[in-house]
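In this note's numbering, the protein residues as written are 8 to 408. Ideal placement from N, C-alpha and C gives every residue a C-beta, glycine not left out. Quick caveat: nothing in here was measured; it's all calculated off a predicted structure.
The structure is reproduced here in structure tokens:
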């Protein structure tokens, strides 16, 4: 499972309000600033110069202020005791792709006082980012996020082509941007977060709101999850019917996260001109109006390989199990748990096979009463698990394979 979603918890606490004005170089006759970006692992990526140092940043609509690894000691400090870490003003502006975005943006260095600092530093290091840019750098513009062209466009006036809008709201406490959507009969706040690569991320406490008995427990290497059957999910123009969703973020009460994997199906327009806490609609244009998004996997993982009751990724040793569904054949009949590797299925070595073939063989074990697998457990011990013609007849033994 992608772990990037944990960064979102930090962003909610990073957001603070600071009024400022923005100006910038223009490259359109109407004064529009055009900022090309690249999509890398479903992140919006810019080259930006912060405090005189050029680096690689991703843009995060889930955060108001920005974060950088560039030293900021020479910049004035924000006089606010709301948060226990130091924040600075960048009065000289931020340069994005050679365009000066003149503002008094709020920016911070990673600090031990930040709750999820280890996760942040891991993401910055693993993905080789120098920081993130919050949406606050674009205040006082109509901010168009064009996934069609891979550009952010900063308009002085609202573009006429954006006529459809969805009901949104900006949080009074932390300035985060939400869409209001619906799951079954319950209204939820969907955080619009380009800092998250995933499609949808659901809070662990969502079962409390949906009040359903139709769910599975999902065992994982870190925290266990739930997979819940929904009747419908409504957001923008989309209605997703009879989808399983996996609860996979911490206890952010009643909040769902919308990430780039889903958002990139639209071109979006944020009203940062009339910006402020309270109602704030988000305008959108569907890029693929004739595509049935119900056929795309934004949610759970019940189909395909997990018919047997597990998910895996291929390694040099075989199929490494990272999730096991409970109840399932994998858990109840084979006793499999996350953290073990399947090396053989019915005598066939998996390392020499493509992933599609491995998935096919694992799924076939569901109805194979004479199936045999070899596993490598967490102690690096190989063991054989056999069925002997009955679901209730399983043999577990050490193996020298």
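Residue i to residue j span [Cα, whole Å]
{"i": "residue 137", "j": "residue 295", "result": "33 Å"}
{"i": "residue 50", "j": "residue 372", "result": "37 Å"}
{"i": "residue 54", "j": "residue 293", "result": "27 Å"}
{"i": "residue 391", "j": "residue 381", "result": "4 Å"}
{"i": "residue 81", "j": "residue 101", "result": "15 Å"}
{"i": "residue 321", "j": "residue 98", "result": "49 Å"}
{"i": "residue 249", "j": "residue 237", "result": "5 Å"}
{"i": "residue 154", "j": "residue 45", "result": "10 Å"}
{"i": "residue 108", "j": "residue 230", "result": "41 Å"}
{"i": "residue 116", "j": "residue 74", "result": "6 Å"}
{"i": "residue 205", "j": "residue 86", "result": "35 Å"}
{"i": "residue 261", "j": "residue 234", "result": "16 Å"}
{"i": "residue 156", "j": "residue 48", "result": "17 Å"}
{"i": "residue 255", "j": "residue 232", "result": "6 Å"}
{"i": "residue 220", "j": "residue 163", "result": "50 Å"}
{"i": "residue 384", "j": "residue 65", "result": "38 Å"}
{"i": "residue 300", "j": "residue 84", "result": "46 Å"}
{"i": "residue 140", "j": "residue 67", "result": "6 Å"}
{"i": "residue 214", "j": "residue 114", "result": "36 Å"}
{"i": "residue 132", "j": "residue 374", "result": "44 Å"}
{"i": "residue 226", "j": "residue 128", "result": "27 Å"}
{"i": "residue 103", "j": "residue 62", "result": "10 Å"}
{"i": "residue 32", "j": "residue 77", "result": "Residue placement at residue 32 cannot be trusted, given a pLDDT of 45 that sits under 50; what the coordinates show is reported in the next sentence. C-alpha separation (whole angstroms): 24 Å."}
{"i": "residue 281", "j": "residue 142", "result": "14 Å"}
{"i": "residue 379", "j": "residue 130", "result": "39 Å"}
{"i": "residue 329", "j": "residue 198", "result": "27 Å"}
{"i": "residue 363", "j": "residue 52", "result": "32 Å"}
Member of the options whose CA lies at the smallest distance from the CA of residue i
{"i": "residue 338", "options": "224, 108 and 113", "result": "224"}
{"i": "residue 184", "options": "156, 353, 357 and 276", "result": "276"}
{"i": "residue 72", "options": "58, 52, 95 and 56", "result": "95"}
{"i": "residue 388", "options": "394, 375, 347 and 361", "result": "347"}
{"i": "residue 354", "options": "160, 163 and 393", "result": "393"}
{"i": "residue 196", "options": "306, 203 and 188", "result": "188"}
{"i": "residue 56", "options": "48, 37 and 79", "result": "79"}
{"i": "residue 349", "options": "177, 319, 374 and 92", "result": "319"}
{"i": "residue 167", "options": "151, 330, 198 and 60", "result": "151"}
{"i": "residue 105", "options": "125, 60 and 92", "result": "60"}
{"i": "residue 298", "options": "147, 273 and 351", "result": "273"}
{"i": "residue 278", "options": "58, 103, 129 and 172", "result": "172"}
{"i": "residue 39", "options": "147, 247 and 281", "result": "147"}
{"i": "residue 340", "options": "376, 212 and 193", "result": "376"}
Within 7 Å, strictly: CB atoms of residue i and residue j
{"i": "residue 200", "j": "residue 285", "result": "no"}
{"i": "residue 228", "j": "residue 119", "result": "no"}
{"i": "residue 264", "j": "residue 208", "result": "yes"}
{"i": "residue 325", "j": "residue 357", "result": "yes"}
{"i": "residue 135", "j": "residue 149", "result": "no"}
{"i": "residue 169", "j": "residue 290", "result": "yes"}
{"i": "residue 179", "j": "residue 41", "result": "no"}
{"i": "residue 191", "j": "residue 217", "result": "yes"}
{"i": "residue 342", "j": "residue 332", "result": "no"}
{"i": "residue 288", "j": "residue 202", "result": "no"}
{"i": "residue 252", "j": "residue 305", "result": "no"}
{"i": "residue 43", "j": "residue 158", "result": "yes"}
Short CB-CB distance (under 7 Å) between residue i and chain D
{"i": "residue 113", "result": "The structure shown contains no chain D; it holds only a single protein chain."}
>> List, from N- to C-terminal side, the beta strand (DSSP E) runs of 3 residues or more that fit wholly inside the region 94-159.
In response: Those beta strand (DSSP E) runs which fall completely within the region 94-159 and span 3+ residues are 94-97, 101-103, 106-109, 112-115, 138-141 and 149-153.
>> Assess contact between the region 166-183 and the region 232-241, defined as three or more Cβ pairs (one per stretch) separated by less than 8 Å. Is contact present?
In response: In this structure the region 166-183 does not touch the region 232-241; the number of beta carbon pairs closer than 8 Å is below three.
> If you pair each beta-carbon of the region 367-385 with each one of the region 268-284, do three or more pairs fall below 8 Å?
Replying inline: No, the region 367-385 is not in contact with the region 268-284.
>> Ignoring anything shorter than 4 residues, give me the alpha helix (DSSP H) runs that lie fully in the region 260-290, in order along the chain.
In response: Within the region 260-290, the complete alpha helix (DSSP H) runs of at least 4 residues are 267-270.
> Whole beta strand (DSSP E) runs in the region 306-341 with 3 or more residues, listed along the chain?
Replying inline: Segments of the beta strand (DSSP E) lying fully in the region 306-341: 317-321 and 326-333.
>> Just to confirm the assignment: which complete beta strand (DSSP E) runs, minimum length 3, are found wholly within the region 183-249?
In response: You should have 184-190, 193-199, 207-210, 222-227, 232-236, 239-242 and 245-248.
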